[in-house]
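Colleague: Structure incoming, see below.
Protein chains: 2
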Amino acid sequence: MREPTFLILTALARAPMHGYGLIQEVAELSGGTLELRPGTLYGALDRLTDDGLVSLDRQEIVDGRARKYYRLTDHGDAALRVETERLRRSVEAATRRLALRPAFPAGPSVTGGPAIAGGVA
Amino acid sequence: MREPTFLILTALARAPMHGYGLIQEVAELSGGTLELRPGTLYGALDRLTDDGLVSLDRQEIVDGRARKYYRLTDHGDAALRVETERLRRSVEAATRRLALRPAFPAGPSVTGGPAIAGGVA
DNA sequence: GAAGATATCTTCGTGTGCGATATATTGGCC
DNA sequence: GGCCAATATATCGCACACGAAGATATCTTC
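In structure tokens form, the structure reads like this:
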């Protein structure tokens, strides 16, 4: 599961949403770093629906425009929990190892030194 | 950046490693859930080298077998930090929203609280 | 000398995400 | 009244990362 898919599930974890709302919600969740394109969104929704992680909640007509609300299924809820824990472990591992490194003396100059530090167990 | 790539950079954050060592290290980092295949590994190393995130540290001959050690560059260090924070934000968002859901009433009752909690931002 | 582990690397196929594009309706603007 | 932007859904093709499988080579063990 990649980031767009993960964030779609995350967005749906709070409440059912329709496609366009998901685009905005995911942008917010990612701090603006990820702009969901229609091709990504609807492709993901189809895939997730096939996999049973998401299902069509209801269909409304708002101002003459059809709105399809998608909902996280129990299966999707479980998958999101599993994936979240996987990611959490990765993030923790990376954080731990980055902390051992001499975190960049800042400055625009790269200052030659490889500065790799010795073998830590 | 996807998970295999992320974990390769994470593995290299501690110390330079050679390909085969990375396969084992990434398996350990992921708790055995991700087994890096040679195609994934060497493809990623080539790509990361082209992008300047990783570079060839040294080449040793151990027991007659060539070993190429790869090293995280400053650029790679920075990229890993950025990516780690991105992931951390995603994980926190998902955790927060999952905590709001009635975490599976399920049968055998999980005793009292969801107990997921943690510091919500 | 054959078998298995170590170690690197290539080729090929596929799934996912993304860009571009199409369609339709509403509302604002000139 | 016509045009454009925004809202909203949907499809197509491409690129890229990944994964499976196999080729190559050396060392160790039997």
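These protein sequence lines map, in sequence, to chains E and U.
Heads up, the first sequence is in the numbering used here, so the first residue is 1 and it goes up one at a time.
Heads up, the second sequence is in the numbering used here, so the first residue is 1001 and it goes up one at a time.
Beta carbons are placed, not taken as given, at the ideal position from N, Cα and C, and that holds for glycine.
Nothing here was measured: the structure is a model prediction, and the numbers come from that model.
1. Please list, in chain order, all residues of the same chain as Ser30 (chain E) whose beta carbon is under 7 angstroms from its beta carbon, the five residues on each side excluded.
2. If contacts are defined as beta-carbon pairs under 8 angstroms, then Leu1056 (chain U) and Leu1009 (chain U) qualify, I think. What distance do you get, rounded to the angstrom?
3. With Leu1041 (chain U) and Leu1072 (chain U) assumed to form a contact (beta carbons below 8 angstroms), what rounded beta-carbon distance in angstroms separates them?
4. Can you give me the start and stop residues for the alpha helix (DSSP H) that Glu3 (chain E) sits inside?
5. Please list the partners that Val1091 (chain U) has in chain E, where partner means a Cβ-to-Cβ separation under 8 angstroms.
6. Ordered along the chain, which non-local residues of its own chain (more than five positions away) have a Cβ less than 6 angstroms from that of Arg1058 (chain U)?
7. Have a look at Met1017 (chain U) and Arg1067 (chain U) and give me their C-alpha separation to the nearest angstrom.
8. Enumerate, from N- to C-terminal direction, the unbroken alpha helix (DSSP H) stretches of 4 or more residues contained entirely within the stretch 38 to 97 of chain E.
9. At a Cβ threshold of 7 angstroms, is Tyr1020 (chain U) touching chain E?
10. Would you say Ala1013 (chain U) reaches chain E, if we count a Cβ-Cβ gap shorter than 7 angstroms as a contact?
11. What's the call for Asp77 (chain E), buried or exposed, on a 16-neighbour Cβ count within 10 Å?
12. If contacts are defined as beta-carbon pairs under 8 angstroms, then Arg1014 (chain U) and Arg37 (chain E) qualify, I think. What distance do you get, rounded to the angstrom?
13. Please name the residue, chosen from E:Glu25, E:Thr84, E:Arg2, E:Tyr20, that lies closest to Val62 (chain E) on a Cα-to-Cα basis.
14. Classify Arg81 (chain E) as buried or exposed, calling it buried when 16 or more other Cβ atoms lie within 10 Å of its own Cβ.
15. Whose CA, out of E:Met1, E:Glu92, E:Thr33, lies closest to the CA of Ala44 (chain E)?
16. Who are the Cβ neighbours of Thr1084 (chain U) in its own chain at under 7 angstroms, not counting the five residues just before and after it?
Modeller: Quick answer:
1. Leu7
2. Contact doesn't hold; Cβ gap of about 15 angstroms is too wide.
3. Leu1041 (chain U) to Leu1072 (chain U), Cβ: 15 angstroms. No contact.
4. 3 to 14
5. Thr84, Leu87, Arg88, Val91
6. Tyr1069
7. 9 angstroms
8. For the stretch 38 to 97 of chain E, the full-length alpha helix (DSSP H) segments reaching 4 residues or more read 38 to 51 along the chain.
9. no
10. yes
11. The residue in question, Asp77 (chain E), is buried, as its Cβ has 16 or more Cβ neighbours within 10 Å.
12. The Cβ separation is near 37 angstroms, so there is no contact.
13. E:Tyr20
14. Counting C-beta atoms within 10 angstroms of its own C-beta, Arg81 (chain E) has 16 or more neighbours from the protein chains shown and is therefore classed as buried.
15. E:Met1
16. none
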